[in-house]
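First up is the structure itself, then whatever we jot down about it.
Okay, here's the thing in structure tokens:
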């Protein structure tokens, strides 16, 4: 969908033209590496911002991050594709919580030729959140009926409830679940949306919004579409 040069061009034009929608984002350049040579490397980067980690009250009286619907603990080292659905924390009751930092980056996936959102979430002492804590934050938007149709980033039921069947104009492909990965430029661990289905999701949206779908969309349009798609799931 995008070459690295097109990704670079699209990201920099996005910052220049998106106004308030690009607030906080900046373009960072990196030197070529031993793996990627003779190319201008760079990524979109956002400075750390405040987010909130919400807690449930455990039976023993101690505070713990929100649990899954089965009451178990999710191992962050499990295959994310097999993770059980996770119930969204009830943010409306303003219960016990802790301020955390959220920092995001949009990088280029050489394998899939698409943008990829990576992010870190950590506590004031620098401790990074595990998956169980991560889903108990306000980083993700809640769904209207989490008990019936769980958060799509973590898991999906076999089928939707009848009243939530998609219409013919809704994109058939959704972004996949979270994965743990290494930032390709700074070599630090990040959470990310795996890019395997990103191209199909972007193509569905771009083609549905253009009467004559183009064989190749302008790089800035692809980046804008990517942000619109990701922003419907994560508070970027």
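Residue numbers (the UniProt record's numbering): 1 to 236.
For every residue, glycine included, the Cβ atom is placed at its ideal position computed from N, Cα and C.
The structure displayed is predicted, hence computed values, not measured ones.
{"Asked": "Residue 123 to residue 100, Cα distance in whole Å?", "Found": "5 angstroms"}
{"Asked": "Take residue 158 and list the residues in its own chain whose beta-carbon comes closer than 6 angstroms to its own, dropping the five residues that flank it on each side.", "Found": "Here the model assigns residue 158 a pLDDT of 36, short of 50, so the residue's position is not dependable, and the following value carries that caveat. Once the five neighbours on either side are set aside, residue 158 has no close Cβ partner at all."}
{"Asked": "Between the Cα of residue 98 and those of 136, 193, 43, 1, spot the shortest distance and give me the residue it belongs to.", "Found": "136"}
{"Asked": "The ligand SAM heavy atoms versus the CB of residue 223: any closer than 6 angstroms?", "Found": "The ligand SAM is not part of this structure, which contains no ligands at all."}
{"Asked": "Between residue 13 and the rest of its own chain, which residues show a CB-CB distance below 6 angstroms, the 5 nearest in sequence each way excluded?", "Found": "220"}
{"Asked": "How would you write the range of the alpha helix (DSSP H) that residue 17 sits in, first residue to last?", "Found": "4 to 17"}
{"Asked": "Quick one: grab the DSSP three-state call for residue 197.", "Found": "helix"}
{"Asked": "Taking 8 angstroms as the limit between beta carbons, can you name the residues of its chain near residue 19, skipping five residues before and five after?", "Found": "none"}
{"Asked": "How is residue 21 classed by DSSP in three states: helix, strand or coil?", "Found": "helix"}
{"Asked": "Could you spell out the range, first to last residue, of the alpha helix (DSSP H) harbouring residue 226?", "Found": "219 to 231"}
{"Asked": "Measure how close the beta-carbons of residue 118 and residue 52 come, nearest whole angstrom, since I'm counting them as under 8 angstroms.", "Found": "Not really, about 21 angstroms apart at Cβ, beyond 8 angstroms."}
{"Asked": "With a 10 Å radius around its C-beta and 16 neighbouring C-beta atoms as the bar for buried, classify residue 48 as buried or exposed.", "Found": "exposed"}
{"Asked": "Alpha carbon to alpha carbon, how far is residue 236 from residue 31?", "Found": "26 angstroms"}
{"Asked": "Exposed or buried, residue 208, counting other C-beta atoms within 10 Å across all chains shown (16 or more means buried)?", "Found": "exposed"}
{"Asked": "If you follow the beta strand (DSSP E) that residue 98 is part of, which residue opens it and which one closes it?", "Found": "97 to 109"}
{"Asked": "Using 7 angstroms as the threshold, is the C-beta distance between residue 2 and residue 25 below it?", "Found": "no"}
{"Asked": "Tell me the residue span of the beta strand (DSSP E) that contains residue 120.", "Found": "114 to 122"}
{"Asked": "Sort out for me which residues DSSP pairs residue 46 with in a bridge.", "Found": "25"}
{"Asked": "Measure from the alpha carbon of residue 120 to the alpha carbon of each residue in 114, 134, 28, 195, then state which is nearest.", "Found": "134"}
{"Asked": "May I ask which residues mark the beginning and end of the beta strand (DSSP E) holding residue 178?", "Found": "178 to 182"}
{"Asked": "Once you ignore the five residues that flank residue 217 on each side, which residues in its own chain have a CB closer than 7 angstroms to its CB?", "Found": "206"}
{"Asked": "Would DSSP call residue 202 helix, strand or coil?", "Found": "helix"}
{"Asked": "Determine the direct distance from the alpha carbon of residue 96 to that of residue 4, and round the result to whole angstroms.", "Found": "44 angstroms"}
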